[in-house]
Amino acid sequence: TPKKSLGQNFLHDARYIERIVQAIDPRPGDRVVEIGPGQGALTLPLLRRHGALTVIEFDRDLVGPLADMAAPVGQLEIIHRDVLQVDLTALAGGGRIKLAGNLPYNISSPILFHTLDHAAAIRDMVFMLQKEVVDRMGAAPGSKVYGRLSVMLQAYCQVQPLFVVPPGAFRPAPKVDSAVVRLVPRDPATIGIADRDRFAHVVRAAFGQRRKTLRNALRDVCTPEQFEAAGVSADDRAEQVDVAGFVRLANA
Ligand code: SAM
940 TPKKSLGQNF LHDARYIERI VQAIDPRPGD RVVEIGPGQG ALTLPLLRRH
990 GALTVIEFDR DLVGPLADMA APVGQLEIIH RDVLQVDLTA LAGGGRIKLA
1040 GNLPYNISSP ILFHTLDHAA AIRDMVFMLQ KEVVDRMGAA PGSKVYGRLS
1090 VMLQAYCQVQ PLFVVPPGAF RPAPKVDSAV VRLVPRDPAT IGIADRDRFA
1140 HVVRAAFGQR RKTLRNALRD VCTPEQFEAA GVSADDRAEQ VDVAGFVRLA
1190 NA
C-alpha cells in the first residue's frame, strides 16, 4: 500500500509516462539519476531505453521489488537513502548528471533547494511536481505567486514548464494537478552571484515580510548605500524586484 508520509502517488497512465521519458530524453553516455522511483513507472521505460540508471529511493519496501523488476531489463544501481542526504556532486564524479523524477510532493521544495546546492554537477533536471509549485518556480515579478522559490530557482536555472498532468494519471490520485518542468542549471560564470549564502539570505529576508517595503524588510540586511549601488528602490516590495535586482543587491 502506498505511504502517504512518503508522498507516494504512483503514475500509471502510459501516455504521460511516455511524455515524461521523452522530456528526460537520455542520450548515449548520459549518467541518469532518478529520484523516488517508487514502483518503477519511469524507471523501467528509462532502463529499457538507456540501459543503465541510478535511482535514489528512501522506502525500504520498494528496493527489493525494484531490483527484481530491473534485473532482466538493464543495469540498475539503487541508492537506498533520503535524497536530501545524497551528495549529488560526489555522485556525478566530476561529470554532470541528468536528474529526473516524479518527486514526493511533501518535500519538493527541500529537494529543489538541495539540487541548487549541487547545480554545477547537474546537466539538466526533469521533475514532476504540484502544478502550483511549478507555477511559483516560473513566476515573473508582479505575479501573485512570485516569491523566494521563483527567485532562487531562476537565479541558478532556466525554468521551462512543460505540461500539466491531471490527478487521474496517478494511483492513488492526488488532490491537485501536477506539472512537469525542465530545469537547466546556468553556467556559474554567468550567474554573477558573489556569495551564495548572502544571496540566499537577502532573498529569504525580502520575501519573509513580502508586504513590507524592502527598506523595512531588509532593515538589518542592506544599507541605503547598498540599495543605491544596486539600483534597487527601497520603496519597492520584494515582489517587484527581478532576479537581476536581487543579485545586484546581494553583491552590493
Ligand atoms: N516515480 C514513481 C512514479 O512515478 O510512480 C513514484 C513517485 S512518488 C510521487 C515519490 C517517490 O519518492 C516514492 O517512491 C517515495 O517512496 C520516494 N521518496 C519519498 N521521500 C523520499 C526521500 N526523502 N528520498 C528518496 N525518495 C523518497
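The sequence shown lines up with residues 940 to 1191 when you count with my numbering. All C-beta atoms, glycine included, are put in the ideal place defined by N, C-alpha and C.
- For residue 1063, there is no enclosing alpha helix (DSSP H); the residue is part of the beta strand (DSSP E) that begins and ends at 1061–1069.
- Taken atom to atom, the span from the alpha-carbon of residue 999 to that of residue 984 is near 22 Å.
- Put simply, of 1168, 1179, 1091 and 1178 the residue whose alpha carbon is nearest the alpha carbon of residue 1187 is 1168.
- By the criterion of a C-beta distance shorter than 8 Å, residue 1012 is surrounded in its chain by 983, 986 and 987, once the five residues flanking it on both sides are discounted.
- Cα atoms of residue 1018 and residue 1155: separation of roughly 46 Å, rounded to the nearest angstrom.
- The DSSP assignment places 982–989 and 999–1009 as complete runs of the alpha helix (DSSP H) inside the region 969–1010, in order along the chain (cut-off: 4 residues).
- The region 1139–1151 makes no contact with the region 1095–1102, as fewer than three CB pairs between them are under 8 Å.
- Annotation for residue 1049: the continuous alpha helix (DSSP H) segment containing it runs 1047–1056.
- Going by DSSP, residue 956 is part of the alpha helix (DSSP H) stretching over 953–963.
- When beta bridges are read from the DSSP output, residue 1139 appears opposite no residue.
- In terms of side-chain proximity, the C-beta atom of residue 1166 is found no nearer than 7 Å to any non-hydrogen atom of the ligand SAM.
- Bounds of the beta strand (DSSP E) holding residue 1121 are 1117–1124.
- Within a 10 Å sphere around the beta-carbon of residue 951 sit fewer than 16 other beta-carbons, which makes this residue exposed.
- Looking only at 1144, 1113 and 1042, the smallest Cα-Cα distance to residue 997 is reached by 1042.
- Between the alpha carbons of residue 990 and residue 1010 lies a distance of about 11 Å.
- Within 10 angstroms of the beta-carbon of residue 1023 lie fewer than 16 other beta-carbons, which makes it exposed.
- Of the candidates 1053, 1102, 995 and 1145, the residue whose Cα lies closest to the Cα of residue 1159 is 1145.
- Take residue 1038, set aside five residues on each side of it, and the residues of its chain with a beta-carbon closer than 7 Å to its own are 972, 974, 1054, 1061 and 1064, in chain order.
- Rounded to whole angstroms, residue 1030 and residue 1163 show a C-alpha spacing of 43 Å.
- Buried is the label assigned to residue 948, since at least 16 other Cβ atoms lie within 10 Å of its Cβ.
- Just measuring C-alpha positions, the residue of 1079, 1102, 1103 and 1115 sitting nearest residue 1183 is 1079.
- In the three-state DSSP reduction, residue 1184 falls in the helix class (H, G or I).
- The ligand SAM approaches residue 1022 closely enough that one of its heavy atoms is under 7 Å from the residue's Cβ.
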